[in-house]
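A short worksheet on the structure shown next.
In my numbering, the protein residues as written are 384 to 614.
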């Protein structure tokens, strides 16, 4: 497992200043939508700002300035919508299989009046069949263990792109089963980029897509969880 050469951190207030009004508006809209659809964590706009929006933005140093990004299991649009707001050169596809959540998120995107984000109410396996290996970056936050996330995201990403998974203290344990075998998904060995937020020890795991994903992926919906690829 490769070690990173830097720790991640939330962007400075100066760096966020041009985007803060839009990001704060997003936090308010998400708080309102949470009351109806329970999209993510805290229900207050300030809680969402501190625990979720700033958390999503720690990965900015790992992102390109432009290109196609897909966020799997996006819920309230995290991290993908936050990225779209601060990186207008990105084209972000927000994927959530739960129709109620996707509908609420569509309302948020519409209210924010941005054109570089689109919501899909569908499973990631379907997107992987429709747009196989066309994304520069694929991400997932609070979706599944790292080995499962890698299987879900790899068929989406073009060789040369990257997979980013937001994880907690158990990241190394979750990665252990795939050690030395990530090439079976077309991936290089993962890198762990640690950061701290609100007293928690967190990290972003990054894999580079080194080769095409084998044709047997994606598997049928639910199989990544039921029968891990590395067994």
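We treat Cβ as the ideally placed atom computed from N, Cα and C, and that holds for glycine. These numbers were taken from a predicted model, which means no experiment stands behind them.
Return yes when the Cβ of residue 515 is within less than 8 Å of the Cβ of residue 538, no when it is not. As a position in the chain shown, residue 538 is number 155, starting the count at 1. As a position in the chain shown, residue 515 is number 132, starting the count at 1. Residue 538 is a Cβ neighbour of residue 515, given a cutoff of 8 Å.
DSSP three-state call for residue 589: helix, strand or coil? As a first step, residue 589 must be located in the chain shown, where it is residue number 206. Three-state DSSP puts residue 589 in a strand.
Taking three-plus beta-carbon pairs below 8 Å as touching, is the region 446-456 in contact with the region 413-432? no
What's the call for residue 439, buried or exposed, on a 16-neighbour Cβ count within 10 Å? Here residue 439 corresponds to residue number 56 of the chain shown, with the count starting at 1. Residue 439 is buried by the Cβ-count criterion.
Continuous beta strand (DSSP E) stretch holding residue 577: start and end: To locate residue 577, count along the chain shown from 1; it is residue 194. Segment 574-580, the beta strand (DSSP E) holding residue 577.
Which residues in the same chain as residue 435 place their Cβ atom closer than 7 Å to its Cβ, once the five residues preceding and following it in sequence are excluded? For the purposes of this step, residue 435 is taken as the residue at position 52 of the chain shown. Around residue 435: 423, 424 and 461.
Among the candidates 458, 473, 496 and 579, whose CA atom is the shortest distance from the CA of residue 503? Along the chain shown, read from residue 1 onward, the residue named residue 503 stands at position 120. Of the listed residues, the one whose Cα sits closest to residue 503 is 458.
Proximity to residue 507 [Cα-Cα], best of 590, 523 and 483: As a position in the chain shown, residue 507 is number 124, starting the count at 1. Nearest of 590, 523 and 483 to residue 507, Cα basis: 523.
Measure the C-alpha to C-alpha separation of residue 617 and residue 410 and round it to an integer number of angstroms. Outside the displayed span of the chain (384 to 614) sits residue 617, for which this structure offers no information.
Please indicate yes or no: does the CB of residue 548 lie closer than 7 Å to some heavy atom of the ligand ADP? With respect to the ligand ADP, the structure offers nothing, as it holds no ligand at all.
DSSP three-state call for residue 527: helix, strand or coil? For this step, residue 527 is matched to residue 144 along the chain shown. Here residue 527 sits in coil by DSSP.
Between which residues of its own chain and residue 392 is the CB-CB distance below 7 Å, once the five residues before and five after are set aside? As a working mapping, residue 392 is identified with position 9 in the chain shown. Around residue 392: 441 and 578.
To which residues does DSSP link residue 584 through a beta bridge? Position 201 of the chain shown, counted from the start, is the residue given in the question as residue 584. According to DSSP, which records beta bridges pairwise, residue 584 is partnered with 579.
What would DSSP say about residue 494, mapped onto helix, strand or coil? Residue numbering aside, residue 494 sits at position 111 when the chain shown is read from its first letter. Residue state for residue 494 is assigned as helix, using DSSP reduced to three classes.
When 444, 513 and 470 are compared against residue 403, the one with the closest alpha-carbon: Translated into the one-based positions of the chain shown, residue 403 becomes position 20. Nearest option by C-alpha distance: 470.
Assigned secondary structure, residue 538 (DSSP; H/G/I helix, E/B strand, else coil): Taking the chain shown and counting its residues from 1, one reaches residue 538 at position 155. If DSSP states are grouped into helix, strand and coil, residue 538 belongs with the helices.
For residue 491, which residues from the same chain have a beta carbon less than 8 Å from its beta carbon, with the 5 sequence-adjacent residues on both sides left out? Stepping through the chain shown from its first residue, residue 491 is reached at position 108. Cβ within range, chain order: 409, 412, 413, 416, 459, 460 and 464.
Using the rule of at least 16 other Cβ atoms within 10 Å of the residue's Cβ for burial, across every protein chain shown, is residue 389 buried or exposed? Taking the first residue of the chain shown as 1, we reach residue 389 at position 6. Result: exposed.
For residue 483, which residues of its own chain have a beta-carbon under 7 Å away from its beta-carbon, when the five flanking residues on both sides are left out? The sequence position of residue 483 within the chain shown is 100, counting from 1. Excluding positions up to five away in sequence, the list reads 420.
Under a three-way DSSP split, which group does residue 570 fall into? Counting from 1 along the chain shown, the entry for residue 570 is found at position 187. Here residue 570 sits in strand by DSSP.
So if DSSP puts residue 545 in a beta bridge, which residue, or which two residues, is it bridged to? By 1-based counting over the chain shown, the position of residue 545 is 162. Note: residue 545 sits in a beta bridge opposite 520 and 591.
Where residue 453 falls: helix, strand or coil (DSSP): To locate residue 453, count along the chain shown from 1; it is residue 70. Correct three-state label for residue 453: strand.
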